[in-house]
Structures are given as structure tokens and as C-alpha cells.
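Numbering-wise, the working numbering comes out as the position in the sequence shown, counting from 1, plus 13. Heads up: the structure comes next, in C-alpha cells.
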Amino acid sequence: MLKFSSKILKLEAFFCKVISRPSNIWRIVKFRSGMPMSNRLREERQSVNLDIKMAAEKSGISRAQIIALEEDNTRVFSSKLVYHMTEKKLMKFYDNERLRKSKGLDSIPSFLRSRIS
């Protein structure tokens, strides 16, 4: 019993150390969401009603890279760091697009907004 509790304490200390590092936060977010990032990227793009061509033009990321991110293919990128930075850039772009669209709808009166959507 004592050995088991010490292993738990070691695991807790390890996870506290991992969580405290900012570079590992994206891993925790991926793990907690329960969905692979590739599926989330595809769903995010579809939720803001963008096809791959428009997302590539507006975000500045090539179509091949967007497709590779959605398929979780790292071979297209020069390194894992570039892959993760591009992934973050694309997620931030989708968040900004969603905010931009929601601000546009907020400026429309509610009685007209129901007819638009």
C-alpha cells in the first residue's frame, strides 16, 4: 500500500510539473477535449462556413497545409514546431472569424436577425 501511494504522489508531482510549463498547455487542451485536433480543426472550419480555399486565402496558410493539419499529417511541415504553430494560427483565425461574424449579427436588430438565419 505504501509503494502504491508513493507512485501516486510521484505521478501528481509529474503532472503538476507538466501543467506548469506553458509549452505543454496545448497537449492538455487536446487531451481534455476528448477529440483529436484534426477533427476539431475540420469542425471549426465548417462551423464558420469556410471551405478550404477561402480559409487558405484569408488566413495566409496554404491549402495543402490546411489539409495536412486536418488529416494530422506532420510530413508537410519542416518541423513539429512549425506544425504546432500553424495549428495554433489556424485555430486563432477560426476564433477571430467566429467573433467577427457574431459581432456582425449583434448589430442587426433581433426582429430582423431571426429572418436572416
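The beta carbon of each residue, even a glycine, is placed where N, CA and C say it ideally should be.
Looking only at C-alpha atoms, which of the options sits nearest to residue i?
| i | options | result |
| --- | --- | --- |
| Arg113 | Glu56, Asn52, Asn62 and Arg53 | Asn62 |
| Ala81 | Glu110, Leu103 and Asn109 | Leu103 |
| Ile74 | Ser60, Phe90 and Gln59 | Phe90 |
| Asn52 | Ser72, Phe124, Asp85 and Met98 | Asp85 |
| Glu100 | Gln78, Gln59, Leu125 and Ser60 | Gln78 |
State the Cα-Cα distance for the pair residue i and residue j, rounded to the nearest angstrom.
| i | j | result |
| --- | --- | --- |
| Thr87 | Ile65 | 18 Å |
| Lys116 | Ser72 | 19 Å |
| Arg76 | Val95 | 16 Å |
| Leu125 | Lys93 | 47 Å |
| Ala68 | Ser120 | 24 Å |
Residue i and residue j look like a contact to me (Cβ under 8 Å); what is the Cβ gap, rounded to whole Å?
| i | j | result |
| --- | --- | --- |
| Tyr107 | Glu70 | Contact doesn't hold; Cβ gap of about 14 Å is too wide. |
Compute the distance between the beta-carbons of residue i and residue j, then report whether it is under 8 Å.
| i | j | result |
| --- | --- | --- |
| Arg55 | Glu83 | yes |
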